[in-house]
Amino acid sequence: MGLAAAHDPVADLYARHHGWLSGWLRKKMGCADNAADLAQDTFVRILCRPLDWSQVREPRAFLSTVAHGLMVNQLRRQAMERAYLDALAAQPGQSSPCPESRALVVEALMEIDALLDGLPPKARLAFLLSQLEGLPYAQIAERLHVSLSMVKKYMLQAVTHCMRIERA
Numbered sequence: 286m287g288l289a290a291a292h293d294p295v296a297d298l299y300a301r302h303h304g305w306l307s308g309w310l311r312k313k314m315g316c317a318d319n320a321a322d323l324a325q326d327t328f329v330r331i332l333c334r335p336l337d338w339s340q341v342r343e344p345r346a347f348l349s350t351v352a353h354g355l356m357v358n359q360l361r362r363q364a365m366e367r368a369y370l371d372a373l374a375a376q377p378g379q380s381s382p383c384p385e386s387r388a389l390v391v392e393a394l395m396e397i398d399a400l401l402d403g404l405p406p407k408a409r410l411a412f413l414l415s416q417l418e419g420l421p422y423a424q425i426a427e428r429l430h431v432s433l434s435m436v437k438k439y440m441l442q443a444v445t446h447c448m449r450i451e452r453a
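In my numbering, each residue carries its 1-based index in the sequence shown increased by 285.
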């Protein structure tokens, strides 16, 4: 361990556990390149957040928790991008958007996804069916097998949740 690592907890964490984290991610992801990228992203995430290092008792558990969260975000983003591309392909006469436009749309979808995180699944789905698919409340009620008044409650819950997040 070098002199800098002795005084920098992130450098020390990197020196001691980067190899282990890369291997752990490689087993989880099945791709060495993606695992290496995610290992680097894990340490970048740690560098960007203030942390009381005296609270980190199990460094590998800490690293795997951060990496797992990033992996879930990456998988969610990939699923969202696939769904977007599938929806585009299903549209008659639509040409493929340029990579920049596609990236902007996927980024907007990720922001919406993050905004709705924490909502109960049916409230989230009711909001998405209303806002993205333009379904009226009656059709949402049929699709979710709930009453019309329940859809209204879900929508109120979703809108209130979004407003609370936006104000925070």
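Virtual Cβ for every residue (Gly too), placed ideally from N, Cα, C.
Exercise for the section: Go through its chain and collect everything with a Cβ distance to Ser-339's Cβ below 6 Å, but skip five positions before and after it. Expected result: Cβ neighbours of Ser-339 beyond the five flanking positions: none.
Exercise for the section: Check whether the Cβ atoms of Phe-228 and Ala-443 sit closer than 8 Å, and answer yes or no. Expected result: Examination of residue 228 is not possible in this model, given that the chain is present from 286 through 453 alone.
Handout entry: CA-to-CA distance, His-303 to Ala-320, given in whole angstroms
Key = The alpha-carbon atoms of Ala-320 and His-303 are separated by roughly 11 Å.
Problem - Buried versus exposed, by CB contacts within 10 Å (16 or more), Thr-327 - result: It is buried - the Cβ of Thr-327 has at least 16 other Cβ atoms within 10 Å.
Exercise for the section: Note down the Cα distance separating Ala-423 from Met-448, rounded to an integer number of angstroms. Expected result: A direct Cα-to-Cα measurement between Ala-423 and Met-448 gives close to 24 Å.
Handout entry: Spatially closest choice to Leu-441 from Gln-416, Asp-398 and Ala-375, by CA coordinates
Key = Nearest of Gln-416, Asp-398 and Ala-375 to Leu-441, Cα basis: Gln-416.
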